[in-house]
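Student:
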Amino acid sequence: MDINNFGIVFALMGAAAAALVAGAGSAKGVGMAGEAGAGVVTEDPSKFGKVLILQLLPGTQGIYGLLIAFITLSQIGVLGGESNMSLAKGLLYFVACLPMAIVGYSSAIRQARASVASMGILAKRPEAFGKAMIFPAMVETYAILALLISMLAVNGVTGINI
Amino acid sequence: MADNQYTYAVARIRSKEISLLDKSDIDQLMNCKSEKECLRLLTDKGWGKTGEENAEQILSVEREKTWELIGELVEDLSVFHTFLYSNDFHNLKAAIKQVYTDSNFNDIYISQSTIAPDIIVNAVKEHNFDTLPEHMRACAEEAYQVQMHTGDSQLCDVIIDKAALETMLKKSRESKNELFSQYAELKVAVADINIAIRSCKTGKDKMFIERALADCVSLNRNELTTAALEGLDAVYQYLLNTVYADAVTALKESPSAFERWSDNLIIKHIRPQKYNPFTISPLAAYILARENEIKTVRILLSGKRNDISDDFIRERLREMYV
């Protein structure tokens with residue numbers, strides 16, 4: 580068995596990790612924020628719209644993970660085209676997907692906690708919704724940075740001839 | 126308990142905290158001319174059920190509402206038993222006195238308790254304490270024997286009160302929740318200080334004081350006993366070297382000032398829970414905040430009912446949670 584055949588395996592593992600780990604983080608985060616949102620809406624249904632925005636914030640990491648997975652799949656030829664690559668290149672794709680997978684998961688959970696705390700503000704001071712939204716939104720910065728690096732890295736690896 | 130973050134429950138409690146009475150609400154109540162006017166204001170704020178209840182009925186309805194809400198939010202209410210043990214032991218005292226005096230009162234029992242008052246009453250009537258939880262059996266037997274054979278109601282109360290404090294402290298530590306532990310510790314310490322002061326004033330002997338004081342971390346039982354035997358100044362001096370140094374001023378003022386100080390201290394300890402979005406602690410803090418609110422309203426209403434001066438009532442009002 581030629582060890583170089585495993586390149587595609589690692590590349591696919593990278594794509595899967597980006598979608599799976601970041602998606603799991605978002606699922607957990609949106610669920611957590613949803614629980615808090617349900618609590619607020621039980622007492623005051625008029626806050627549903629604002630609650631929904633706070634609940635959706637931790638959901639973006641899953642979308643970013645999906646995006647990285649999609650780009651990786653199309654670059655490595657799984658979605659069509661040539662899928663032969665060296666082990667080194669496969670590993671590079673895998674590493675390129677890691678920022679989105681790890682930061683995606685971690686930031687989704689942290690953002691969910693911030694969203695839950697902000698729902699407390701919304702419950703008591705609906706007029707401070709703008710300020711309340713900023714706290715969880717700040718966490719988004721790091722998910723976007725990870726998305727950027729993973730995207731640049733995946734595209735960069737494609738151009739490397741190894 | 127640690128696995129459950131109570132996210133839904135805390136979010137609902139955050140919404141409920143808006144309707145808690147704050148300082149301006151209390152000022153508004155104070156500005157009312159009569160108890161009737163206060164009751165009208167409370168009814169407008171959603172207190173009571175039908176709007177035609179008297180003061181005690183409104184307060185009782187409010188307590189029931191709190192526990193109904195908590196019952197909706199938490200499947201297993203046993204996590205709040207720390208707050209209810211004292212009611213169990215109160216019911217035990219009431220049952221022993223009822224059996225001893227062969228009387229038939231039903232309104233002397235507190236329904237918010239960990240075991241139904243009927244079970245306690247039957248246990249005392251049949252002199253069979255096996256039906257009671259383990260932590261009540263020994264003290265129930267001892268208190269029963271003392272009451273029936275000597276008729277010493279004070280000693281009977283001392284035995285039960287001490288067991289209540291020790292049970293509350295032990296169970297709160299088992300809960301591994303800081304708020305419950307702190308609450309129980311404060312309750313025991315305040316009870317011990319009260320016992321020491323009253324024993325001083327009534328000239329109780331060492332055996333009685335030792336029998337009445339419960340162990341806690343923040344006070345040294347032996348040192349407090351020695352101080353109580355020496356006199357009030359010695360108790361004050363001992364307290365000045367503890368975390369309860371602030372209590373001395375209140376104790377010198379009056380027993381009611383000390384009671385207010387201890388209630389305010391609990392509110393001060395639970396206040397950070399207003400900013401905690403997870404765990405059972407904000408729910409526990411809400412229960413205590415409601416109890417504090419009900420107590421404050423009761424003081425205010427009885428003051429208005431008896432035409433007591435506003436300054437006199439204000440001196441007794443507690444700090445609000447919100």
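So the sequence lines, in the order shown, correspond to chains X and W. Residue 685 in this note's numbering sits at position 106 of the first sequence, with consecutive numbering throughout. Residue 288 in this note's numbering sits at position 163 of the second sequence, with consecutive numbering throughout. Ideal Cβ positions, reconstructed from N, Cα and C, are used throughout, including at glycine. These figures come from a predicted structure and were not determined experimentally.
Excluding sequence positions up to five away, which residues of its chain have a Cβ less than 7 Å from the Cβ of CYS264(W)?
Tutor: Excluding positions up to five away in sequence, the list reads ILE284, ILE285, ALA288.
Student: For ALA617(X) and chain W, any beta-carbon pair shorter than 8 Å?
Tutor: Yes, ALA617(X) lies at the interface with chain W (some Cβ there is under 8 Å from its Cβ).
Student: Starting from VAL609(X), find everything on chain W with Cβ-Cβ shorter than 9 Å and list it in chain order.
Tutor: Those within 9 Å of VAL609(X) in chain W number zero; the least Cβ separation is about 12 Å.
Student: Which residue from ASN389(W), GLU355(W), GLY356(W), GLN153(W) puts its Cα closest to that of TYR369(W)?
Tutor: Residue ASN389(W) is the option with its Cα nearest to TYR369(W).
Student: So with CB distances below 8 Å, who are the chain X contacts of ILE143(W)?
Tutor: The answer, in chain order, is ALA702, LYS703.
Student: Would you check if the distance between the CB atom of ALA617(X) and the CB atom of TYR131(W) is smaller than 8 Å?
Tutor: Taking 8 Å as the Cβ cut-off, ALA617(X) and TYR131(W) do not qualify as a contacting pair.
Student: Quick check: the Cα distance between LYS429(W) and ILE405(W), rounded to an integer number of angstroms?
Tutor: Cα-Cα distance, rounded: 36 Å.
Student: Grab me the residues of ASP147(W)'s own chain with a C-beta within less than 8 Å of its C-beta, minus the 5 sequence neighbours each way, in chain order.
Tutor: Cβ within range, chain order: MET445, VAL447.
Student: Listing by chain order, which chain X residues have their CB less than 8 Å from the CB of PRO402(W)?
Tutor: Residues of chain X passing the Cβ test: ALA615, ARG692, VAL695, ALA696, MET698, GLY699.
Student: Looking at SER236(W) and the ligand MG, is the gap between the Cβ and the nearest heavy atom below 7 Å?
Tutor: In terms of ligand content, the structure shown is empty, and the ligand MG therefore cannot be addressed.
Student: Scan the stretch 246-328 of chain W and note each continuous alpha helix (DSSP H) run of 4 residues or more that stays entirely inside, going in chain order.
Tutor: If we require 4 residues or more, the alpha helix (DSSP H) runs fully inside the stretch 246-328 of chain W come out as 259-275, 278-299, 303-327.
Student: May I have the straight-line CA-CA distance separating ALA414(W) from ILE395(W), to the nearest angstrom?
Tutor: Rounded to whole angstroms, ALA414(W) to ILE395(W) spans 8 Å at the Cα level.
Student: Just verifying my parser: in three-state terms, what is the DSSP assignment at LEU349(W)?
Tutor: Helix, per DSSP.
Student: For the 8 Å Cβ check, are there 3 or more pairs between the stretch 651-663 of chain X and the stretch 605-621 of chain X?
Tutor: No, the stretch 651-663 of chain X is not in contact with the stretch 605-621 of chain X.
Student: Grab the span of the alpha helix (DSSP H) containing PHE589(X) for me, first residue to last.
Tutor: Counting along the chain, the alpha helix (DSSP H) containing PHE589(X) begins and ends at 586-622.
Student: Suppose you measure from the CA of GLN690(X) to the CA of SER300(W); what does that come to, to the nearest Å?
Tutor: Their backbone Cα atoms lie some 29 Å apart in a straight line.
Student: Which word fits ILE318(W), buried or exposed, when buried means at least 16 other C-beta atoms lie within 10 angstroms of its C-beta?
Tutor: It counts as buried.
Student: Does any C-beta atom of chain X lie closer than 8 Å to the C-beta of SER140(W)?
Tutor: So, interface residue.
Student: Hey, could you find the ends of the alpha helix (DSSP H) PHE205(W) is sitting in?
Tutor: Unbroken run through PHE205(W): none, as it is neither H nor E.
Student: Does the Cβ-Cβ distance between THR207(W) and ALA309(W) come in under 8 Å?
Tutor: Contact: yes.
Student: Which residue wins for smallest C-alpha separation from SER149(W), given the options ALA136(W), LEU166(W), HIS274(W)?
Tutor: Among ALA136(W), LEU166(W), HIS274(W), the Cα nearest to that of SER149(W) is on LEU166(W).
Student: Between the alpha carbons of SER203(W) and LEU194(W), how many angstroms are there, rounded?
Tutor: Those two C-alpha atoms are separated by around 15 Å.
Student: Could you give the distance in angstroms between the alpha-carbon of ALA410(W) and the alpha-carbon of PRO242(W)?
Tutor: Between ALA410(W) and PRO242(W), the C-alpha separation is close to 26 Å.
Student: Using a C-beta cutoff of 8 Å, does ALA409(W) count as contacting chain X?
Tutor: With 8 Å as the cut-off, ALA409(W) does not count as an interface residue toward chain X.
Student: Looking only at its chain, what residues have a beta carbon closer than 6 Å to the beta carbon of ILE650(X), apart from the 5 residues adjacent to it on each side?
Tutor: Only VAL733 meet the Cβ criterion.
Student: Which residues, taken in chain order from the stretch 242-272 of chain W, show a beta carbon closer than 8 Å to some beta carbon of chain X?
Tutor: Flagged: no residues at all.
Student: Should the stretch 669-684 of chain X be called in touch with the stretch 714-734 of chain X, which here means at least 3 C-beta pairs below 8 Å?
Tutor: The answer is yes - the stretch 714-734 of chain X touches the stretch 669-684 of chain X, with three or more Cβ pairs under 8 Å.
Student: Output needed for VAL695(X): all residues of its chain with C-beta closer than 7 Å, excluding positions within five of it in sequence on either side, in chain order.
Tutor: If we look at VAL695(X) and ignore the five residues flanking it on each side, its Cβ neighbours are MET611, ALA612, ALA615.
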